[in-house]
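Report on one structure; see the data block that follows.
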Amino acid sequence: MSSDIRVRYAPSPTGHLHIGNARTALFNYLYARNKGGKFIIRIEDTDQKRNIEGGEESQLKYLKWLGIEWDEGVDVGGEYGPYRQSERNDLYQELYQELLDKGLAYKCYCTEEELEAEREGQVERNETPKYSGKCKHLTEEEQAELVAEGRKPSIRFAVPAGEVLTFKDMVKDDVSFETDGFGDFVIVKKDGVPTYNFAVAVDDHLMKISHVLRGDDHISNTPKQMMIYEAFGWEPPVFGHMTLIVNESRKKLSKRDESIIQFIEQYEELGYLPEALFNFITLLG
Numbered sequence: 002m003s004s005d006i007r008v009r010y011a012p013s014p015t016g017h018l019h020i021g022n023a024r025t026a027l028f029n030y031l032y033a034r035n036k037g038g039k040f041i042i043r044i045e046d047t048d049q050k051r052n053i054e055g056g057e058e059s060q061l062k063y064l065k066w067l068g069i070e071w072d073e074g075v076d077v078g079g080e081y082g083p084y085r086q087s088e089r090n091d092l093y094q095e096l097y098q099e100l101l102d103k104g105l106a107y108k109c110y111c112t113e114e115e116l117e118a119e120r121e122g123q124v125e126r127n128e129t130p131k132y133s134g135k136c137k138h139l140t141e142e143e144q145a146e147l148v149a150e151g152r153k154p155s156i157r158f159a160v161p162a163g164e165v166l167t168f169k170d171m172v173k174d175d176v177s178f179e180t181d182g183f184g185d186f187v188i189v190k191k192d193g194v195p196t197y198n199f200a201v202a203v204d205d206h207l208m209k210i211s212h213v214l215r216g217d218d219h220i221s222n223t224p225k226q227m228m229i230y231e232a233f234g235w236e237p238p239v240f241g242h243m244t245l246i247v248n249e250s251r252k253k254l255s256k257r258d259e260s261i262i263q264f265i266e267q268y269e270e271l272g273y274l275p276e277a278l279f280n281f282i283t284l285l286g
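Throughout the sequence shown, residue numbering follows the working numbering, covering 2 to 286 in sequence.
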């Protein structure tokens with residue numbers, strides 16, 4: 002039913018509104034309006050070190066300048082808030098503890114040096130670099146010894162072995178991944194902050210997101226999020242991964258390339274009308 006359609010645009014306040022992100026927001030907005038659904042803005046601000054002052058305000062300002070309106074979000078509220086990830090830590094903690102209790106996740110005490118040495122050894126042996134899972138079988142006594150050394154654990158998701166994950170992408174049709182290609186991945190960092198894939202999967206489920214429409218560069222995240230959904234027994238959303246905007250050389254836009262006007266505020270400063278830019282981005286396909 003159209004009333005069940007819920008899509009989201011989830012920017013990180015690490016910079017100003019890029020034309021590629023504006024396109025993602027615009028397509029989600031248009032999809033919701035076309036289907037009579039809801040368009041949600043969620044701020045993904047867990048990486049505090051990369052957030053910039055005024056980043057969130059700038060993102061919202063230029064979405065509004067383009068004529069994009071949302072039904073739920075940090076500034077308008079809604080039934081499924083908070084809509085800022087940094088305010089949802091209690092929800093994340095409850096759920097990653099559930100995975101720990103069920104044996105679907107475990108604490109990893111490896112240092113960065115140990116992990117790097119493991120990766121280097123795998124590369125030398127022409128193996129795909131991935132975590133070996135050696136902390137998965139630590140006894141309580143061994144864990145206590147590592148804690149006594151002053152080590153702080155991250156939490157890793159225990160990837161099921163020998164499975165094939167398949168989903169029907171709205172753009173790419175059938176897409177499959179083998180779980181053996183993934184190592185057990187971190188879902189909570191040593192500082193207690195959830196990683197992108199864990200927080201996104203949890204938020205999309207709790208906010209009842211029905212369709213996840215995003216750039217092609219996120220497709221490698223999809224199997225990890227699907228595994229998290231499966232671990233909790235949740236129904237995953239429908240995924241759609243759009244091609245990226247490229248330059249004249251067919252290469253992905255680099256935000257460091259100042260020869261190309263890439264940020265929405267630059268177009269405003271040059272005198273472009275928001276309706277013109279809205280139409281231009283839509284026609285990029």
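From the three backbone atoms N, C-alpha and C, an ideal C-beta is built for every residue, glycine too.
First through last residue of the alpha helix (DSSP H) which encompasses residue i
{"i": "Ser59", "result": "Gly56 to Trp66"}
{"i": "Glu99", "result": "Asn90 to Asp102"}
{"i": "Gly122", "result": "Glu113 to Glu125"}
{"i": "Leu36", "result": "Looking at the sequence shown, residue 36 is not Leu but Lys. From DSSP, the alpha helix (DSSP H) with Lys36 extends over Ile20 to Lys36."}
{"i": "Ala149", "result": "Glu141 to Ala149"}
{"i": "Phe279", "result": "Pro275 to Thr283"}
{"i": "Tyr268", "result": "Ile265 to Glu270"}
C-alpha distance - residue i paired with residue j, whole-angstrom precision
{"i": "Ser177", "j": "Leu271", "result": "44 angstroms"}
{"i": "Val194", "j": "Val213", "result": "23 angstroms"}
{"i": "Ile53", "j": "Arg43", "result": "17 angstroms"}
{"i": "Leu31", "j": "Asp204", "result": "22 angstroms"}
{"i": "Ile261", "j": "Glu249", "result": "10 angstroms"}
{"i": "Gln263", "j": "Gly104", "result": "45 angstroms"}
{"i": "Arg24", "j": "Ile282", "result": "6 angstroms"}
{"i": "Gly78", "j": "Ile41", "result": "10 angstroms"}
{"i": "Asn90", "j": "Asp46", "result": "12 angstroms"}
{"i": "Met2", "j": "Gly122", "result": "For Met2, the pLDDT reaches just 42, beneath the cut-off of 50, and the residue's location in the model is therefore unreliable, leaving the point undetermined."}
{"i": "Phe183", "j": "Glu125", "result": "18 angstroms"}
{"i": "Phe233", "j": "Ile6", "result": "22 angstroms"}
{"i": "Phe28", "j": "Arg152", "result": "45 angstroms"}
{"i": "Gln60", "j": "Pro154", "result": "34 angstroms"}
{"i": "Glu142", "j": "Ile20", "result": "52 angstroms"}
{"i": "Cys136", "j": "Glu150", "result": "15 angstroms"}
Residues bridged to residue i [DSSP beta-bridge criterion]
{"i": "Ile41", "result": "Arg9 and Glu73"}
{"i": "Lys191", "result": "Lys191 is not bridged to any residue."}
{"i": "Ser221", "result": "Ser221 pairs with nothing; no bridge assigned."}
{"i": "Val165", "result": "Glu179"}
{"i": "Val239", "result": "His212"}
{"i": "Arg85", "result": "Ile44"}
{"i": "Val247", "result": "Lys253"}
{"i": "Gly78", "result": "Gly74"}
Inter-residue CB distance, residue i and residue j (contact presumed, cutoff 8 angstroms)
{"i": "Lys39", "j": "Asp76", "result": "Not a contact, Cβ separation roughly 15 angstroms."}
{"i": "Phe158", "j": "Ala106", "result": "5 angstroms"}
{"i": "Ile188", "j": "Leu18", "result": "Between Leu18 and Ile188 the Cβ distance is about 29 angstroms, and since that is not below 8 angstroms, they are no contact."}
{"i": "Met227", "j": "Val160", "result": "Not quite, the Cβ-Cβ distance comes to about 11 angstroms (not below 8 angstroms), so this is no contact."}
{"i": "Ala162", "j": "Asp181", "result": "6 angstroms"}
{"i": "Pro14", "j": "Gly74", "result": "Going by Cβ atoms, the distance from Pro14 to Gly74 rounds to 13 angstroms, so no, they are not a contact pair."}
{"i": "Arg9", "j": "Met208", "result": "7 angstroms"}
{"i": "Val247", "j": "Lys253", "result": "6 angstroms"}
Endpoints, the beta strand (DSSP E) within which residue i is located
{"i": "Lys209", "result": "Element bounds for Lys209: n/a, residue is neither H nor E."}
{"i": "Ile156", "result": "Ser155 to Phe158"}
{"i": "Tyr107", "result": "Ala106 to Cys109"}
Nearest to residue i (by Cα), restricted to the options the options
{"i": "Pro238", "options": "Glu259, Arg251 and Val201", "result": "Val201"}
{"i": "Leu245", "options": "Phe199, Asp217 and Trp235", "result": "Asp217"}
{"i": "Lys65", "options": "Leu285, Leu278 and Met208", "result": "Leu278"}
{"i": "Leu92", "options": "Gln144, Leu116 and Phe199", "result": "Phe199"}
{"i": "Leu147", "options": "Gly134, Thr112 and Glu231", "result": "Thr112"}
{"i": "Pro224", "options": "Pro275, Asp175 and Tyr110", "result": "Asp175"}
{"i": "Pro275", "options": "Leu101, Gly55, Val247 and Lys62", "result": "Lys62"}
{"i": "Leu166", "options": "Thr129, Lys209 and Tyr230", "result": "Tyr230"}
{"i": "Gly37", "options": "Ser211, Asn222 and Lys190", "result": "Ser211"}
{"i": "Lys50", "options": "Ser87, Leu284 and Asn280", "result": "Ser87"}
{"i": "Met243", "options": "Ile220, Glu164, Arg34 and Lys190", "result": "Ile220"}
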